Amino acid sequence: MRALRVEGSHQSLQFSRLSWQRLTICLLVEAVALGALSQPATFSTLGMVPGIILTVGIGMLATQASLYLGEVCIRFPGTDHYDKVAELLGGRIAREICAVCFVLQLLLVVGSHVLTGTELLNALSDNAVCSVAFGVVSAVILYLLAIPPSFHDIAWLGYIDFASIIGAIIVTGVGVGKEARAAPGGLGGVQWRLWPRPETTFYEAMLSVTNIIFAYSFAVALPSFMGELAKPHDYKKALISLGAIEIVIYTVTGAAIYALSGDAVQSPALLGAGSLQKAAWGVAIPVVYISGSINTSVAARYAHQRAFKGTLHAVFKTSRSWIAWLLILLAMTAFAFVIAEVIPFFSALLGITSSLFVSFFSFTLPGCCWFLLRKRDGGSMLRGTNAVHLVVAVSIIVIGLFTLGAGTYAAVESIREECECASLAPVD
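In full-length UniProt numbering, the protein residues as written are 1 to 428.
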C-alpha cells in the first residue's frame, strides 16, 4: 500500500507541544535515577573535597556540552535525533554507526532498569518468587509506561519520577542517619574523610570518577526531545535548569549521606537505610520504571520516525502506525529483558558500553559541535569569548576521551575481578 504523505507543518502540529519546563522534566527523567544514590559511595572513595569539586565541575562542563549540542540542533534544521548530529560531523557512515550505538545504548539502559526493578520487587516481597518472574513484571511495566508516543504526554510522568527520587533520597538519608545514631559513638563516631583513603587504587578512583561522569549522561536524548519543542530557542532555559538541579541533587546526596554513613556507605545508599530500606525501595518504585521507560520511548520514536518519515503513519494518524509503534516497543522491551536476564556479566557489559558510547554522546561529540558552529560562523577561534569557549570545548572533549579510556579500563577490571571471585568460590 502506498504510504500517505504528510506535510512537515502537519507533523509539527502533532509533535511540537513540548514546553521548556516539560523538556527539563524529560531530561531529568532521562538523567536522574537511582544512580543518584550511588554518589555517596563515590564520595567515600574520592573523599569529600574531591567528590564535591568533581561533581560540580563535571556537571558544569556537561551542561555546557549540552548547550553546544542544542545550538547545533537549532542552527541545522532537521536535526531531530542524534544520528543527524553525527552525520553533520562525519558524514553518512558516521550517521549509521551512531544510529546503531544510539539505540543499543538506550536499550542496554532499559535492561539495567529491568534488573533494578527485579531487585526492587525482591526487596519488597517476602515471597520466594523467581527473579525471572519479577523481571517479566518489570519488563511489562516498562512497556506500558512507554506507550504514549509524544514526549509532551510522557512528561507528566516526570513530575512523579522527580518526586520519587527526591523522596527516596530523603527516606534513605533519614534511615542512614537513624542507623548512625544507633551505632556506638552515634553521629560523632562516623568516620568520613576530606581526602581519598591512602590505600585507594587507581582502578577504584577511575571507577568513581567515571560514575560521576555517567551521572550527567543525558545528552544522548537531547536532540530527540528538542525535536518536539514548541519554542526551540527555549532549550537553553531547560538545560541550565537541568544542570543546576542535577548538580544540587548529586552534591547534596553524595556529601550528606556520606557524612552520615562514612566509609561504611553502601551502593546504592538505600541498602544501608536499615529499618527504612523497604520504605526507600517503595518510594523509589516510580523512578525505577519511569526513568527506564523513557529510554524505550526515545529509541522507539527514532525507529518509528525513520520508518515512516514524511507519512501520516509518522504522526500516528492511522491504525497501521499504532500497530507498528506497539510492536516496536514490544520488540525493544523484549530485547532489553533478554539481554539483561541471559548475559551473566550484564552490569559489566553496561559499564563497557557506557564508557564507549556515553563518552561520545555526552562529551566528545558535543565538544566537537562547538567547532562545527565556529566553522559555519567563521572568524578567529582565539578572539574574545571564542578563546574561552575553545578551552571549554577542548576540556569537554578531553573528558570524553578520558571516559573512553579510564571507564573502559575500570569496567574490564570489574569483569576480571568478578571472574576471579567466581573461580575462587566454593563448589557444593
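Backbone N, C-alpha and C define an ideal beta-carbon position, used for all residues, glycine too. In this text the structure is predicted, and so the values were computed from the model without any measurement.
*List the residues that DSSP assigns as beta-bridge partners of L229.*
By 1-based counting over the sequence shown, the position of residue 229 is 229. Paired residue(s): L18.
*Closest Cα partner of G367 within the set R22, Q64, E30, I53*: Walking along the sequence shown from the start, residue 367 turns up at place 367. The option with the nearest alpha carbon to G367 is Q64.
*Would the beta-carbon of P211 fall within 8 Å of that of S44?*
Position 211 of the sequence shown, counted from the first residue, corresponds to residue 211. Position 44 of the sequence shown, counted from the first residue, corresponds to residue 44. For the record, residue 211 in the displayed sequence is Asn; it is not Pro. No, the Cβ-Cβ distance between N211 and S44 is not below 8 Å.
_Reduced DSSP category for V394 - H, G, I as helix; E, B as strand; rest coil_ = Within the sequence shown, residue 394 is the residue found at index 394, counting from 1. In the three-state reduction of the DSSP assignment, V394 falls in the helix class, which pools H, G and I.
*Would you call M206 buried or exposed, if buried means 16 or more other Cβ atoms sit within 10 Å of its Cβ?*
Here residue 206 corresponds to residue number 206 of the sequence shown, with the count starting at 1. It is buried - the Cβ of M206 has at least 16 other Cβ atoms within 10 Å.
*Three or more beta-carbon pairs under 8 Å between the stretch 141-157 and the stretch 20-34, yes or no?*
yes
*Given S362 as reference, the closest of S395, L382, V388, V342 once Cα atoms are compared*: Against the sequence shown, residue 362 aligns to sequence position 362. Here the closest residue by C-alpha is S395.
*What does a CB cutoff of less than 8 Å around Y289 pick up in its chain, not counting 5 residues either side in sequence?*
Here residue 289 corresponds to residue number 289 of the sequence shown, with the count starting at 1. Excluding sequence positions up to five before and after Y289, its CB lies within less than 8 Å of the CB of H113, G117, S138, I141, L142, L145, all in the same chain and listed in chain order.
*Should P268 be labelled buried (16 or more other beta-carbon atoms within 10 Å of its own) or exposed?*
Within the sequence shown, residue 268 is the residue found at index 268, counting from 1. Flag for P268 reads buried.
*asked:* Quick check on D126: does DSSP put it in helix, strand or coil?
replied: Here residue 126 refers to the residue found at position 126 of the sequence shown. Here D126 sits in coil by DSSP.
*Return the chain-ordered list of same chain residues with a C-beta closer than 8 Å to the C-beta of P196, the five sequence neighbours on each side being excluded.*
Looking up residue 196 in the sequence shown gives position 196. Excluding residues within five positions, the ones whose Cβ falls inside 8 Å are T45, L46, G47, P50, A205.
*In three-state DSSP terms, what is H113?*
Locating residue 113 in the sequence shown gives position 113, where the first residue counts as 1. Helix at H113.
*Limits of the unbroken alpha helix (DSSP H) element including L34*: Here the question's residue 34 lines up with position 34 in the sequence shown. Following the DSSP letters along the chain, one finds L34 in no alpha helix (DSSP H), marked with neither H nor E.
*Is it right to say F360 is buried, meaning 16 or more other beta carbons lie within 10 angstroms of its own, or is it exposed?*
Working through the sequence shown from its first residue, we reach residue 360 at position 360. F360 is buried by the Cβ-count criterion.
_Short of 7 Å in beta carbon distance, which residues of its chain neighbour H389, apart from the five on each side in sequence? Order them along the chain._
Numbered from 1 along the sequence shown, position 389 holds the residue referred to as residue 389. Contacts found: W370.
*Between the stretch 164-176 and the stretch 276-284, do at least 3 Cβ pairs fall closer than 8 Å?*
In this structure the stretch 164-176 touches the stretch 276-284; the number of beta carbon pairs closer than 8 Å is three or more.
_Span of the alpha helix (DSSP H), counted from its first residue to its last, around V137_ = Your numbering for residue 137 matches position 137 in the sequence shown. Here the alpha helix (DSSP H) through V137 covers 131-145.
_Taking CB distances under 8 Å as the criterion, tell me whether D263 reaches chain B._
The question asks about chain B, but that chain is absent: this structure has only one protein chain.
*Within 10 angstroms of its Cβ, does A133 collect 16 or more other Cβ (buried), or is it exposed?*
What you label residue 133 is simply residue 133 of the sequence shown in a count that begins at 1. Classification of A133: exposed, given that the 10 Å Cβ count is below 16.
*Whose C-beta lies closer than 8 Å to the C-beta of V427 among residues of the same chain, with five residues either side of it excluded?*
Numbered from 1 along the sequence shown, position 427 holds the residue referred to as residue 427. Reliability of the predicted coordinates at V427 is poor, the pLDDT of 48 falling under 50, and no value is obtained from them.
*Figure out for me which residue from A336, A307, P77 has the closest Cα to the Cα of G135.*
Position 135 of the sequence shown, counted from the start, is the residue given in the question as residue 135. The shortest Cα separation from G135 among A336, A307, P77 belongs to A336.
*asked:* Using 8 Å as the cut-off, can you tell me whether the stretch 221-228 makes contact with the stretch 245-259, which would need three or more C-beta pairs spanning the two stretches below that distance?
replied: no
_Out of I343, K231, A215, G177, which one is the CA nearest neighbour of Y258?_
Counting from 1 along the sequence shown, the entry for residue 258 is found at position 258. The shortest Cα separation from Y258 among I343, K231, A215, G177 belongs to G177.
*Could you tell me if V391 is buried or exposed, where buried requires 16 or more neighbouring beta carbons within 10 angstroms of its beta carbon?*
For the purposes of this step, residue 391 is taken as residue 391 along the sequence shown, with counting starting at 1. Exposed, because fewer than 16 other Cβ atoms sit within 10 Å of the Cβ of V391.
*If we count the other Cβ atoms within 10 Å of its Cβ and call it buried at 16 or more, is K231 buried or exposed?*
To locate residue 231, count along the sequence shown from 1; it is residue 231. By the 10 Å Cβ count, K231 comes out exposed.
_If you reduce the DSSP assignment to three classes, tell me which class V190 lands in._
The sequence position of residue 190 within the sequence shown is 190, counting from 1. Three-state result, V190: coil.
*Spatial distance of V265 from A273 (CA atoms)*: Numbered from its first residue, the sequence shown carries residue 265 at position 265. Numbered from its first residue, the sequence shown carries residue 273 at position 273. Cα to Cα, V265 sits roughly 10 Å from A273.
_Spatial distance of L13 from V220 (CA atoms)_ = To locate residue 13, count along the sequence shown from 1; it is residue 13. To locate residue 220, count along the sequence shown from 1; it is residue 220. Annotation note: pLDDT 49 at L13 (below 50); position unreliable, coordinate value reported separately. Going by the C-alpha atoms only, they are around 24 Å apart.
*Does DSSP classify S150 as helix, strand or coil?*
As a position in the sequence shown, residue 150 is number 150, starting the count at 1. The answer is coil: DSSP assigns S150 none of H, G, I, E or B.
*Since I believe G292 is in contact with V110 (beta carbons under 8 Å), could you give me their beta-carbon distance rounded to a whole number of angstroms?*
If you number the sequence shown from 1, residue 110 lands on position 110. If you number the sequence shown from 1, residue 292 lands on position 292. Sure, about 5 Å apart at Cβ, within 8 Å.
*Taking D83 as the reference, give the member of Y235, Q305, I97, F76 with the closest Cα.*
For this step, residue 83 is matched to residue 83 along the sequence shown. D83 has its Cα closest to that of I97, out of Y235, Q305, I97, F76.
*Who are the near neighbours of I339 in its chain, counting only those whose CB is closer than 6 Å to its CB and skipping five residues on each side?*
Here the question's residue 339 lines up with position 339 in the sequence shown. Result list for I339: G111, in chain order.
*Excluding the five sequence neighbours on either side, which residues of its own chain have a C-beta within less than 8 Å of the C-beta of Q105, listed in chain order?*
Sequence index remark: in the sequence shown, residue 105 carries index 105 (1-based). Closer than 8 Å at the Cβ level, and outside the excluded window around Q105, lie V220, T353, S354, F357, V358, F361.
*Following the continuous alpha helix (DSSP H) through R376, name the residue where it begins and the one where it ends.*
Within the sequence shown, residue 376 is the residue found at index 376, counting from 1. First-last of the alpha helix (DSSP H) with R376: 365-377.
*Taking C-beta to C-beta, are V72 and L372 nearer than 8 Å?*
Here residue 72 corresponds to residue number 72 of the sequence shown, with the count starting at 1. Here residue 372 corresponds to residue number 372 of the sequence shown, with the count starting at 1. A contact, by the Cβ cut-off of 8 Å.
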